[in-house]
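Numbering of the sequence shown is given in UniProt numbering, commencing with residue 1 and proceeding in unit increments. Every residue gets a Cβ at the ideal spot worked out from N, C-alpha and C, and that includes glycine. Here the structure is a predicted model, which is why all the values come from computation and not from measurement. Data first, discussion second: the structure below is written as structure tokens.
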Amino acid sequence: AVKLWSPEFPNLYNITIKLYEKHTNITTIKTFQNSINNKLHQFRLFENAFGVHNHQKLDEIESYIGFRSISLCGSSIKQICLNNEKYFMLGVLDQGYWPDGLYRSPTDSALKYDIVKMKSLGFNTIRKHMKIESSRWYYWCDVLGMLVWQDMPASDSYYGYEVELSEDERLRVIRDSILNTNNIELDYPHLNLSINGTIMKSVQEQEQEQERPVFLPNTVNGHQKGDQRSLESKLQFEYELKSMIDTLYNHPSIVVWVLFNEEWGQYDTLRLGVWLKYYSGQSRLINAVSGWQDRSVGDIRDVHDYTSQIELPLVNTYDRTSRAL
1 AVKLWSPEFP NLYNITIKLY EKHTNITTIK TFQNSINNKL HQFRLFENAF
51 GVHNHQKLDE IESYIGFRSI SLCGSSIKQI CLNNEKYFML GVLDQGYWPD
101 GLYRSPTDSA LKYDIVKMKS LGFNTIRKHM KIESSRWYYW CDVLGMLVWQ
151 DMPASDSYYG YEVELSEDER LRVIRDSILN TNNIELDYPH LNLSINGTIM
201 KSVQEQEQEQ ERPVFLPNTV NGHQKGDQRS LESKLQFEYE LKSMIDTLYN
251 HPSIVVWVLF NEEWGQYDTL RLGVWLKYYS GQSRLINAVS GWQDRSVGDI
301 RDVHDYTSQI ELPLVNTYDR TSRAL
């Protein structure tokens with residue numbers, strides 16, 4: 001049986017994929033061997049003697065794969081489950097600074113050292129905050145067994161650009177209705193959704209129709225009420241958001257995508273949060289807003305409390321049957 005991946009047992013399998021000319025007759029035998037003590041064992045493909053060597057091999061790649069699930073479990077109160085078992089994530093926030101290279105690590109072993117050190121201190125989760133690391137960092141998280149919450153780096157402003165608008169109620173109705181339907185179409189480059197014929201408008205359409213302006217609620221640090229996030233800024237953010245997911249998608253260690261942090265540059269949270277959930281499928285949980293301007297979308301209600309006495313949100317302030325705290 002396939003051994004599942006987890007921080008306690010980071011089982012991985014090597015894979016080799018070979019591409020041959022069309023009509024090549026290949027019979028394969030798949031042999032699974034689980035990894036023990038972080039050693040990667042082989043997922044083998046054996047070619048038989050049905051003429052495969054008489055045809056040109058066009059390409060070959062070697063990689064690895066891990067099998068795991070991440071989900072919400074429970075009925076009245078949702079909790080995070082790893083491989084269908086309740087799992088408590090004890091983590092650190094890592095901004096990836098280095099004393100001699102700022103955002104660039106000096107060596108590959110330095111990337112590994114940090115993760116090993118965090119595990120030795122009892123942590124099983126890292127939130128990679130406001131940074132996308134090199135592939136080697138995620139590789140070591142996969143191999144060593146470390147869960148990752150991956151942030152989409154903020155841009156544009158430390159302050160949010162959206163307030164509660166009447167259109168949000170319409171979008172919430174759409175969001176709730178799609179939980180029981182498969183009639184969903186994802187559109188790129190507009191990061192748009194079409195759900196049962198109802199379209200959640202892209203940023204270009206919003207700009208053209210001036211239907212949904214996004215305003216700063218107050219004057220803060222030189223930002224005047226009425227300031228808007230530019231169309232160019234939105235498009236760049238959404239392009240990089242999709243690029244991040246497409247680049248990091250296959251790492252089993254990444255279990256949560258974080259869309260916005262503490263309202264930094266926050267806008268169109270419902271549209272982007274719903275898009276992100278359905279573009280990611282079932283492979284990740286979505287934390288649409290980490291702290292402050294919660295918009296009731298995604299899988300996680302994220303509370304930031306910097307006081308000496310932590311106060312959790314009241315039960316009736318968020319839907320505990322659909323999101324985990």
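In the DSSP assignment, what are the bridge partners of residue i?
i, result
"C73", "Q79"
"A324", "K78, I300"
"W98", "L102"
"L285", "V256"
"T16", "E62"
"P10", "W5"
Just curious, the beta strand (DSSP E) that residue i is in, first and last residue?
i, result
"D94", "91-94"
"V148", "147-151"
"residue 327", "A query on residue 327 cannot be resolved here, the shown segment of the chain reaching from 1 to 325 and no further."
"I126", "125-128"
"S63", "57-65"
Where does residue i sit, in a helix, a strand or coil, going by DSSP?
i, result
"W292", "coil"
"K22", "coil"
"S233", "helix"
"K131", "coil"
"E85", "strand"
"Y239", "helix"
"G248", "Reading off the sequence shown, one finds Leu at residue 248, where the question assumed Gly. DSSP places L248 in helix when its eight states are reduced to three."
Determine the extent of the alpha helix (DSSP H) in which residue i is found, giving its start and end residues.
i, result
"T307", "Premise fails: T307 is in no alpha helix (DSSP H) and is neither H nor E."
"L259", "No alpha helix (DSSP H) contains L259, which is instead part of the beta strand (DSSP E) from 254-261."
"I115", "108-120"
"K142", "Position check: residue 142 holds Asp in this sequence, whereas Lys was assumed. D142 -> alpha helix (DSSP H) spans 135-144."
Can you tell me whether residue i is buried or exposed, with buried defined as 16 or more other CB within 10 angstroms of its CB?
i, result
"R136", "exposed"
"P10", "buried"
"D59", "exposed"
"Q266", "buried"
"I17", "exposed"
"V143", "buried"
"L270", "buried"
"residue 330", "Residue 330 falls outside the range modelled here, since the chain spans only 1 to 325, and no answer is possible."
"K234", "buried"
"S120", "exposed"
"F260", "buried"
"F281", "Checking the sequence, you will find Gly at residue 281 rather than Phe. Flag for G281 reads exposed."
"E263", "buried"
"T125", "buried"
"S230", "exposed"
"K117", "exposed"
"T247", "exposed"
"I77", "exposed"
"G122", "exposed"
"A288", "buried"
"Y158", "exposed"
"E162", "buried"
Using a Cβ-based criterion (distance less than 8 Å to any ligand heavy atom), does residue i qualify as near the ligand COA?
i, result
"Y161", "Questions concerning the ligand COA fall outside what the structure shown contains, since it holds no ligand whatsoever."
Exercise. Between the stretch 300-307 and the stretch 266-277, do at least 3 Cβ pairs fall closer than 8 Å?
Worked result: no
For this session: Would you check if there are 3 or more beta carbon pairs closer than 8 Å linking the stretch 83-93 to the stretch 105-114?
Result: no
For this session: Would you check if the stretch 245-262 and the stretch 147-166 touch, i.e. whether three or more CB-CB distances between them fall below 8 Å?
Result: yes
Exercise. Any contact of the stretch 225-239 with the stretch 131-145, i.e. 3+ C-beta pairs under 8 Å?
Worked result: no
Exercise. Using 8 Å as the threshold, is the stretch 96-106 in touch with the stretch 65-73, meaning 3 or more CB pairs across them?
Worked result: no
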